[in-house]
Amino acid sequence: MADYYAGKKEYFPKIPKIQYEGPKSDNPLAFKYYDPEKKVGKKKMKDHLRFAVAYWHSFCADGTDPFGAATHPHPWIADAKDSMEAAEHKMDAAFEFITKLGADFYCFHDRDMAPEGDSPAESEKKLFTLVARAKKLQKATGVKLLWGTANLFTHPRFMNGAATNPEFGVLALAASQVKTAIDATIELGGAGYTFWGGREGYMSLLNTDLKREKDHLAKFLAAARDYARKQGFKGAFYIEPKPMEPTKHQYDYDTETVIGFLRHYGLDKDFRLNIEANHAELAGHDFCHELETAAAAGLFGSVDANRGEPRNGWDTDQFPSNYYETALAMYAILRAGGFTTGGLNFDAKIRRNSVDPADLFLAHIGGMDTFAAGLEIAQRIITDGKIPGFVKKRYSSYNTGAGAKFAVGELSFEDLANIGNASGYGKTGITSGKQEYLENILNQYLLGL
Ligand code: XLS
Ligand code: CA
Ligand code: CA
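Plus 9 on top of the position in the sequence shown (first one is 1) and you've got my numbering.
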């Protein structure tokens with residue numbers, strides 16, 4: 010690590026390596042709950058949480074919003090002679106940041122890492138120049154790639170979609186881009202590859218053949234999978250649901266919709282869900298609802314860790330700070346068996362007016378602490394056993410006798426009706442759900458931090 014910094018320009022010179030100092034620390038640049046080596050249950054915190062920094066928000070976004078100019082001038086592009094040198098400096102800054110923060114992973118889009126060229130071949134060359142640099146930096150720092158992806162939404166050619174574009178030519182260009190992004194992901198040892206269908210949806214049904222577009226999307230995904238597997242990629246493919254924005258309706262609306270789509274097209278063996286908290290909210294769901302839904306289908310994969318602003322109807326991508334939400338999320342994740350290829354990717358951006366150089370660190374520290382606290386609380390729920398025990402007991406009438414027979418499909422509908430007729434109404438079903446009792450217990454865990 011010392012070698013890595015030797016002789017290099019530092020982009021965050023005033024920031025030391027972030028350390029764990031515990032809940033009583035008043036050092037803003039220290040972890041209060043995230044203690045990477047601490048064991049929680051059977052694994053270390055860092056292995057449970059697998060934190061990743063998102064290249065796009067942290068090193069490309071500059072505070073621009075639809076109403077105003079950039080507010081985050083990036084020092085790493087200021088002294089660059091051209092866009093390739095700027096991309097190199099940005100990468101150095103990114104690895105310095107990730108290393109000082111102590112996150113183990115990062116995620117990127119092709120166009121975050123390298124600028125587009127004048128032809129697909131030139132774009133590929135540019136990307137691979139940067140991929141070679143990233144490979145060296147990964148080796149020097151120990152930082153790993155959680156997943157790669159292709160940006161199929163920024164360029165005007167994708168205004169009518171990428172894999173769902175009514176023009177075949179655009180779909181083919183999307184394939185060329187995804188092929189290169191998959192190659193880059195493989196070269197960097199990525200544990201996964203994500204598809205977020207930014208413009209895979211529609212603005213109006215008056216100009217859209219919905220069935221054809223979904224069929225094309227499925228064919229595109231299957232072909233991309235086959236290519237990656239042929240190249241030896243063993244990682245997971247993720248679909249990231251989002252209901253809208255930038256389109257009015259996206260085909261990967263929410264987790265349940267994506268599960269139906271994957272199963273309908275036979276893609277559920279290779280594809281998993283990458284669930285984003287803010288997108289869950291836009292779909293009208295709790296974050297933990299989306300996680301539980303994916304886990305129930307055996308398709309849970311990875312997480313884009315952020316939060317929305319409940320009073321806004323758009324994708325604010327804020328850093329997580331609500332440990333009630335992260336506790337319930339980690340409870341779902343632990344019960345799903347935890348992460349294998351996936352992790353917690355901070356798909357989040359600092360606010361437009363967060364203009365101090367330290368703000369990017371503070372945002373990530375807060376996000377990591379919030380998830381570490383969530384993990385500890387989730388583990389407490391499981392170890393203490395009251396809540397899972399209650400749920401188990403709630404369904405216990407399906408464990409023996411006729412209930413057990415029903416659960417394995419051994420009773421006909423007439424059998425069921427006969428059992429109902431024989432039992433009569435009585436007080437059947439008048440049983441407390443105990444929600445308030447359970448909420449009070451959860452609060453005890455939360456406050457006992
Ligand atoms: C945008 C998405 C995007 C994906 C990756 O809303 O969250 O950033 O995570 O393309
Ligand atoms: Ca995301
Ligand atoms: Ca988002």
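Quick reminder that beta carbons are idealized off the backbone N, C-alpha and C, glycines included.
Could you tell me the alpha carbon to alpha carbon distance between residue i and residue j, rounded to whole angstroms?
i, j, result
"LYS145", "VAL152", "10 Å"
"THR409", "LEU300", "30 Å"
"PHE348", "GLY50", "14 Å"
"PHE21", "ALA112", "16 Å"
"LYS188", "ASP378", "36 Å"
"GLU467", "GLN327", "Lying before the first or after the last residue shown, residue 467 is absent from the chain, which here runs from 10 to 458."
"ALA336", "LYS228", "38 Å"
"LEU420", "GLY398", "27 Å"
"ILE391", "LYS90", "55 Å"
"ALA305", "LEU214", "32 Å"
"GLU544", "GLU125", "The chain is shown from 10 up to 458; residue 544 falls before or after that span and cannot be answered."
"ALA39", "LEU371", "9 Å"
"ALA149", "TYR115", "15 Å"
"ALA11", "HIS273", "At ALA11 the pLDDT is 49, less than 50, meaning the model places this residue with poor confidence; the figure from the coordinates comes in the next sentence. ALA11 and HIS273: Cα-Cα distance of roughly 52 Å."
"HIS294", "GLU334", "12 Å"
"GLY241", "GLU196", "11 Å"
"LEU110", "ASP74", "27 Å"
"ALA357", "ALA70", "10 Å"
"PHE309", "ARG234", "18 Å"
"ALA143", "ASP368", "25 Å"
"PHE68", "PRO165", "22 Å"
"GLY207", "GLY457", "41 Å"
If residue i sits next to residue j, beta carbons under 8 Å apart, how far is it from one beta carbon to the other, in whole angstroms?
i, j, result
"MET100", "LEU136", "Incorrect: roughly 12 Å between the Cβ atoms, too far for contact."
"LEU155", "ALA102", "Not really, about 19 Å apart at Cβ, beyond 8 Å."
"GLU249", "THR203", "6 Å"
"TYR247", "PHE270", "About 13 Å; that fails the 8 Å criterion."
"ASP324", "LEU291", "6 Å"
"MET5", "THR158", "Outside the shown range of the chain (10 to 458) lies residue 5, about which nothing can therefore be said."
Residue i by DSSP, collapsed to three states: which one?
i, result
"ARG281", "strand"
"VAL312", "strand"
"ALA245", "strand"
"LEU271", "helix"
"GLN240", "coil"
"GLY383", "helix"
"GLY178", "helix"
"TYR202", "strand"
"PHE104", "helix"
"MET10", "Low confidence applies to MET10: its pLDDT is 48, below 50, so where it sits in the model is not reliable, and the reading given next is rough at best. Three-state result, MET10: coil."
"HIS294", "coil"
"LEU154", "strand"
"LEU161", "coil"
"PHE328", "coil"
"PHE117", "strand"
"ALA434", "One point to set straight first is that residue 434 is Tyr, not Ala, in the sequence displayed. Three-state result, TYR434: coil."
"LEU5", "Because the chain is modelled from 10 through 458, residue 5 falls outside the range shown and cannot be assessed."
"TYR260", "coil"
Ignoring anything shorter than 3 residues or poking outside the stretch 18-101, list the beta strand (DSSP E) runs there in chain order.
List check, beta strand (DSSP E) in window: 60-63.
For ligand 5, which residues count as neighbours when the test is a C-beta closer than 5 Å to any heavy atom?
As far as ligands go, the structure on display features ligand 1, ligand 2 and ligand 3 and does not contain ligand 5.
Unbroken stretches of the alpha helix (DSSP H), 4 residues or longer, contained in the stretch 401-428
For the stretch 401-428, whole alpha helix (DSSP H) runs of length 4 or above, ordered along the chain, are 410-416.
Run the Cβ filter for me: residues under 5 Å from any heavy atom of ligand 2, listed in the order they occur in the chain.
Counting only beta-carbon distances shorter than 5 Å to the non-hydrogen atoms of ligand 2, the qualifying residues in chain order are GLU285, ASP313 and ASP356.
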